Amino acid sequence: MNHIAIMKRSWGLIPKIISGEKTCEARWCKTKHAPWGVAHKGDHIYFKNGAEPVTVMAIVLNVYQYEVRDNIHALEIMEKHILPDLGTNKIPEDILKYITNKNYAMFLYFTNVKKIQPFEIDKRGLGSMTAWISIDNINKIKL
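What follows is the structure, given as C-alpha cells:
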C-alpha cells in the first residue's frame, strides 16, 4: 500500500524527516479513517507539504494505534512518541491544541527516507481537504 502524508508547511517537519530528526508521523483524529487500519509495516509513505509536490518517500517500520480515553491519555501517548515525531522533548502549544479532544492516535515509524524526484498528485475524488491518502498504486494519482 502507498500513502501520501500531507503536512502543514508551517510546522516545518519535512526538513526534519530528511535530516533523520523526525522518524515517525503522527495522525490524530476524532473518527477512524486512513491511515487507521490500512497502514502496515513495509508500506510506502510519500510526504508533501500542502499545495506543494511530493518530495520525500520512506518505508513504514512500525505502526502504533491508540484509542484515546481523554486529554490526559492523549498527553501520555504524545509524550511516549514526541521525540521521534517532532524531534523535540517539549510538546509545542499548537500541537497541544491539535491533539485536544481527539479520539484516535496513530504513529507510523519509518525508515529508508529518500528525497525523490518531485511530483504533483491529483486529489480529485479523494477530498480536497484530506491530509492522508492511501492508495494501492501511486501512479493512479501521480501527475
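For the sequence shown, the residue numbers in this note's numbering are -4 to 138. Here a beta-carbon is modelled for each residue, glycine too, at the ideal position from N, C-alpha and C. On a predicted model such as this, the values are computed, not experimentally measured, just so you know.
Out of the options, which one is the CA nearest neighbour of residue i?
i, options, result
"K118", "Q112, I111, K110, W127", "W127"
"Y104", "K3, P30, Q112", "P30"
"I72", "K109, K11, A100, S129", "A100"
"K36", "V49, L121, I54", "I54"
"H39", "T106, K92, N66, L138", "T106"
Measuring only the C-alpha atoms, how far is residue i from residue j?
i, j, result
"E115", "K43", "9 Å"
"E47", "I9", "12 Å"
"V63", "L81", "19 Å"
"K61", "A69", "Position check: residue 61 holds Tyr in this sequence, whereas Lys was assumed. Cα to Cα, Y61 sits roughly 9 Å from A69."
"C19", "P113", "21 Å"
"E16", "F102", "15 Å"
"T83", "H76", "10 Å"
"I136", "T50", "15 Å"
"I1", "K85", "23 Å"
Helix, strand or coil for residue i? Go by DSSP, reduced to three states.
i, result
"A21", "strand"
"K43", "strand"
"I116", "strand"
"H35", "coil"
"S129", "strand"
"A0", "strand"
"I13", "helix"
"N98", "coil"
"M52", "strand"
"K135", "helix"
Determine whether the beta carbon atoms of residue i and residue j lie at a separation below 8 Å.
i, j, result
"K110", "I(-1)", "no"
"A34", "V58", "yes"
"K3", "G45", "yes"
Could you tell me whether the stretch 94 to 109 touches the stretch 11 to 29, where touching means 3 or more Cβ pairs closer than 8 Å? Touching, yes.
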